[in-house]
Amino acid sequence: MTSHVVPGLEARFALAEAVAREAGAVALDYFKRRETLVIETKRDPQDVVSIADRDVENLIRARFNEAFPADGVLGEEYGLEEGTSGFTWVVDPIDGTSPFVNGMPNWCVSIGLLHDGVPVVGVISAPCHDELYAAAFGKGATLNGKKLSLDASRTIRNAVTGIGANNHVTPALVAGIVESLLEAGGNFIRNGSGALMLAYVAAGRLVGYYEPYMHAWDCMAGYCLVREAGGWYHPFPTVGEQLTKGAPVLAAAPGAIDDLRKLAGV
Ligand code: IPD
Ligand code: CA
Ligand code: CA
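First residue of the sequence shown: -17, per my numbering; consecutive thereafter.
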């Protein structure tokens, strides 16, 4: 992967940071007046969405379309618009919509960028915490400008692992994952935002994150952050239609890779 040359990365990275900040501010404004939002459900009553998600995604799409019209954009709310430049933006306007509409601060704006299938930019804005996570290929990862570097002595036994689940998978599968982690001497947390928990892996707060079925918009930014902080991720399929479908998501700090791959069976 170190040989992956990415012309045009700098300008896109700078734009991603600016757009994540702008989108984060718009989302935070909605969050502060969330009692006025009409909450709709998607797949089930736990899967919620509001005008905030759509407005924020529209804003992000407009900024990227304006600056880089040949780039593709995949967003959770409006799907895939193919490009011709080899770059595809992968956007979750609000990851953690359930915490968002229920008044909890665990949500974020997640902006990833793929170049020939590799996540080369990852920017996550967590406005309630005043945190901006940013990474670009070969340039390292930062949190509010401070370099992130993972500690190899942390394992699933001396640190906490993030676990996520949605109704694409069975209760029995989720229970089995939790059971295996506990049996191995670990423990888990789920805060309702998979993208934010991946950023926490990059920041060394969590030693890993596993969710058996998530989408590209949930993980691409986080994957770039984790890799650039010195961690590992299980590749997400990006070819053709696969990019819009769900797949297992796993990222880990160096000392947790083997245990979590065994647990996830990948
Ligand atoms: C969800 C969150 C949640 C994860 C789900 C995702 P959304 O995204 O990341 O933590 O468990 O699989 O769908 O709906 O809040 O954007
Ligand atoms: Ca999401
Ligand atoms: Ca979302």
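Where is the CB? At the ideal position from N, CA and C, for every residue including glycine.
As the structure is a prediction and not an experimental result, all values here were calculated from the model.
Among the options, the one whose alpha carbon lies nearest that of residue i
| i | options | result |
| --- | --- | --- |
| V91 | M202, F218 and D240 | M202 |
| L232 | F82, A177 and F50 | A177 |
| I171 | E161, E165, G146 and A181 | G146 |
| T66 | D53, P219, I76 and E59 | D53 |
| N173 | A9, M86, H216 and A184 | M86 |
Beta-bridge partners of residue i, as assigned by DSSP
| i | result |
| --- | --- |
| P101 | L96 |
| M202 | None; M202 has no bridge partner. |
| S107 | V91 and L114 |
| I145 | Y192 |
| Y215 | A233 |
| D77 | C90 |
| W56 | The amino acid at residue 56 is misidentified as Trp; the sequence shows Leu. L56 pairs with L62 and V72. |
| I171 | G144 |
| E22 | V31 |
Cβ distance (whole Å) where residue i is taken to contact residue j below 8 Å
| i | j | result |
| --- | --- | --- |
| I138 | L(-3) | The pair is not a contact, with the Cβ atoms about 37 Å apart (cut-off 8 Å). |
| D74 | W199 | 4 Å |
| T70 | V55 | 7 Å |
| P236 | G213 | 7 Å |
| L96 | T220 | 6 Å |
On the three-pair Cβ rule with 8 Å, is the segment 91 to 103 touching the segment 147 to 165?
-> no
Can you list the residues near ligand 3, meaning Cβ strictly closer than 6 Å to any non-hydrogen atom, in the order they appear in the chain?
-> D35, E58, D74, I76, D77 and T79
Please determine if the segment 110 to 128 and the segment 141 to 153 are in contact, where contact requires at least 3 C-beta pairs separated by less than 8 Å.
-> no
Inter-stretch contact (C-beta, 8 Å, three-pair minimum) for the segment 188 to 199 and the segment 106 to 116 = Touching, no, given that fewer than three Cβ pairs across the two stretches are closer than 8 Å.
Would you check if there are 3 or more beta carbon pairs closer than 8 Å linking the segment -2 to 14 to the segment 24 to 41?
-> yes
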